[in-house]
Amino acid sequence: MNEARPILSVAAMRDAEAAAPCGLTELMERAGRGLAEATCRFAGPMPALILCGPGNNGGDGYVAARCLAERGIAVRVAALGEPTSDLARAARQHWEGPVERVENCSPAPVLIDCLFGTGLKRGLDPSLHERLLSLAQESHLAVAADLPSGVDADSGALLSPIPDYHLTVAFGALKPAHRLMPAMTQMGRVVVANIGIEADRRWFEIGTPALPAVRPDAHKYSRGLVHCLAGEMPGAMALSASAAARSGAGYVRVSTSRPIAGLPRSVVEVGDARLDDPRIGCILVGPGLGHLPQLLTLALTSNRPKVIDAEAISLVGDPARLRGQDAILTPHAGEFERLFGTLSGSKADQALAAAEASGAVIVFKGADTLVAAPDGRLGFAPPAPAWLATAGTGDVLAGMIAALRARGMAAFDAACAGVWLHGRAAEHAGPDMIADDLLEHL
Ligand SMILES: NC(=O)C1=CN([C@@H]2O[C@H](COP(=O)(O)OP(=O)(O)OC[C@H]3O[C@@H](n4cnc5c(N)ncnc54)[C@H](OP(=O)(O)O)[C@@H]3O)[C@@H](O)[C@H]2O)[C@@H](O)CC1
Ligand SMILES: Nc1ncnc2c1ncn2[C@@H]1O[C@H](COP(=O)(O)OP(=O)(O)O)[C@@H](O)[C@H]1O
Ligand SMILES: [K+]
Numbered sequence: 001m002n003e004a005r006p007i008l009s010v011a012a013m014r015d016a017e018a019a020a021p022c023g024l025t026e027l028m029e030r031a032g033r034g035l036a037e038a039t040c041r042f043a044g045p046m047p048a049l050i051l052c053g054p055g056n057n058g059g060d061g062y063v064a065a066r067c068l069a070e071r072g073i074a075v076r077v078a079a080l081g082e083p084t085s086d087l088a089r090a091a092r093q094h095w096e097g098p099v100e101r102v103e104n105c106s107p108a109p110v111l112i113d114c115l116f117g118t119g120l121k122r123g124l125d126p127s128l129h130e131r132l133l134s135l136a137q138e139s140h141l142a143v144a145a146d147l148p149s150g151v152d153a154d155s156g157a158l159l160s161p162i163p164d165y166h167l168t169v170a171f172g173a174l175k176p177a178h179r180l181m182p183a184m185t186q187m188g189r190v191v192v193a194n195i196g197i198e199a200d201r202r203w204f205e206i207g208t209p210a211l212p213a214v215r216p217d218a219h220k221y222s223r224g225l226v227h228c229l230a231g232e233m234p235g236a237m238a239l240s241a242s243a244a245a246r247s248g249a250g251y252v253r254v255s256t257s258r259p260i261a262g263l264p265r266s267v268v269e270v271g272d273a274r275l276d277d278p279r280i281g282c283i284l285v286g287p288g289l290g291h292l293p294q295l296l297t298l299a300l301t302s303n304r305p306k307v308i309d310a311e312a313i314s315l316v317g318d319p320a321r322l323r324g325q326d327a328i329l330t331p332h333a334g335e336f337e338r339l340f341g342t343l344s345g346s347k348a349d350q351a352l353a354a355a356e357a358s359g360a361v362i363v364f365k366g367a368d369t370l371v372a373a374p375d376g377r378l379g380f381a382p383p384a385p386a387w388l389a390t391a392g393t394g395d396v397l398a399g400m401i402a403a404l405r406a407r408g409m410a411a412f413d414a415a416c417a418g419v420w421l422h423g424r425a426a427e428h429a430g431p432d433m434i435a436d437d438l439l440e441h442l
């Protein structure tokens, strides 16, 4: 089972580094050694060129150079100038080889970018980022130390253009940018080098979920009853309800005013919407809702847990209306903005602010889906296939999360588990999938 990997902001990383019992010099030694080890495993014994910046990211580069040379690898170092931090100066002194200039060094089969890491504050000068792009272009493999130089570690924004890397070696923990757009798509394989820091785990990469077992004495209601409120376009709810049934709910029922095509026969259609039924484990409202705000109001009058998706999100109007509700919201960027307005900060900041304002668990969807809890926990989805970008996949996700919630998982855990399973189902379904196909892979 994949353990959830912690994700640290720049500030949290600095705190963790400062608290490390081994001291900063040893941390840099471990980071550089980890970089050399990961590069060797990935690239084999090919000659390497390490670009060193002025700060501690550059310091890691000098350590890695020494470690690669000790392994017999032909390694050269090129720097922007003399190091400016004490740690990096010390690392530089222990590198016995020559140091070339980044401006005029020749390329090598393996390029290792140790120019800037978490300390990057602004984009690289155009001449420098062009140099980085051309050296990467002339290499076979490009490796980023901690982060590609040009990426804002907390937001995933590109402060200046970066090449496509084949490998990124994160030190101590992932940073938000490793799992946020647009930066995450250019990092290649992302591995974490353990440097022995103690990481706060409130932010993490969502790992393989632990799903509740089906008890030997289970009956259909104890496995979870999902009640779906179908709206004007019931096809969307057919996808959601099918996904809920396939995600282990014991009973899925849909209230609808007209028959719905495409529902599995095991999903029960009912004419009324009795939401005071204490057996309901989760209500689902939103997919295919259309302009039926009364269905959202109905859902909000029930004290049962609920998943609010699609049009229902836009109909909420005021996030404060959700206070005291046991709700999970699953907005994409448009729906998010319609309910919460334009929030400042990174996608992580925005997701957390929305969770706090509404008291709900927020699944902020996209290529970089986040799950935020009002108490500050934040799950970052592992990369999922871009072929999820097809109509109806969000309806499937909403049904999956509703089922997991009905099965008794806590709201935040159900949302994280649903997001993880959705991504893996898409991997199994393959690039030609449509949303309906996902159902066969749940
Ligand atoms: N702390 C630790 O114990 C450990 C840290 N570790 C490593 O340290 C990295 C963080 O190191 P860091 O904080 O020194 O920042 P780093 O990314 O090297 O850059 C800062 C330098 O760049 C400069 N600068 C910034 N932007 C610039 C630009 N656009 N163009 C030009 N210059 C620019 C900036 O100058 P300033 O703007 O401040 O004048 C400053 O000189 C981290 O990612 C990890 O690799 C590991 O070894 C584990 C132990
Ligand atoms: N480029 C992408 N890479 C990975 N996942 C994506 C991408 N685009 C969309 N998704 C996922 O696909 C789903 C789309 O949901 P949504 O936007 O609500 O679509 P719909 O309303 O058509 O069902 C979400 O789970 C989202 O995270
Ligand atoms: K770097």
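For the sequence shown, counting from 1, position 88 maps to 88 in full-length UniProt numbering; every step adds exactly one.
All C-beta atoms in this analysis are idealised placements derived from N, C-alpha and C, irrespective of residue type, glycine included.
By a C-beta neighbour count over all protein chains shown, 10 Å radius and 16 as the cutoff for buried, is residue 1 buried or exposed?
Because the pLDDT at residue 1 is just 49, under 50, the model does not fix this residue reliably, and the value given afterwards should be weighed accordingly. When all chains shown are included, residue 1 counts as exposed.
- prompt: How many Å lie between residue 438 and residue 342 at the Cα?
  reply: 32 angstroms
Can you tell me which of the three DSSP states residue 431 falls into?
-> coil
Backbone secondary structure at residue 120 - three-state DSSP: coil
CB-CB length for residue 176 against residue 196, believed under 8 angstroms:
No, residue 176 and residue 196 are not in contact; Cβ-Cβ is about 21 angstroms, not under 8 angstroms.
query = For residue 311, does the three-state DSSP call read helix, strand or coil?
reply = helix
Exercise for the section: Just list the beta strand (DSSP E) runs in the segment 329-395, keeping only unbroken ones of 3 residues or longer that don't cross its boundaries, in chain order. Expected result: 361-364, 370-372, 378-380
Hey, would you say residue 366 sits closer than 7 angstroms to residue 243, going by beta carbons?
no
Notebook entry, point to check: For the candidate residues 311, 355, 348, whose alpha-carbon lies nearest to that of residue 320?
Noted result: It is 355 whose Cα lies nearest to the Cα of residue 320.
Out of curiosity, what's the CA-to-CA distance linking residue 306 and residue 251?
-> Rounded to whole angstroms, residue 306 to residue 251 spans 15 angstroms at the Cα level.
- Strand pairing of residue 255, partner residues [DSSP]: 229, 270
Going by Cα to Cα distance, which pick from 47, 275, 93 is closest to residue 143? 47
In whole angstroms, what separates the C-alpha of residue 379 from that of residue 3? 13 angstroms
Give the straight-line distance between the Cα atoms of residue 234 and residue 219, rounded to the nearest whole angstrom.
-> 28 angstroms
Q: Just the C-alpha distance for residue 262 and residue 436, rounded to the nearest angstrom, thanks.
A: 10 angstroms
Where residue 449 falls: helix, strand or coil (DSSP):
For residue 449 there is no data in the structure shown, the boundaries of the chain being 1 and 442.
| field | residue 26 versus residue 20 - alpha carbon distance | value | Put simply, the backbone Cα of residue 26 is about 10 angstroms away from that of residue 20.
> Going by other Cβ atoms of all chains shown within 10 Å of its Cβ, with 16 needed for buried, is residue 434 buried or exposed?
Replying inline: exposed
Separation of residue 364 from residue 333, as counted between CA atoms | Straight-line measurement puts the Cα of residue 364 at about 7 angstroms from the Cα of residue 333.
- Message: At a cut-off of 6 angstroms, would you count residue 393 as near ligand 2, judging by its Cβ distance to the nearest heavy atom?
- Response: yes
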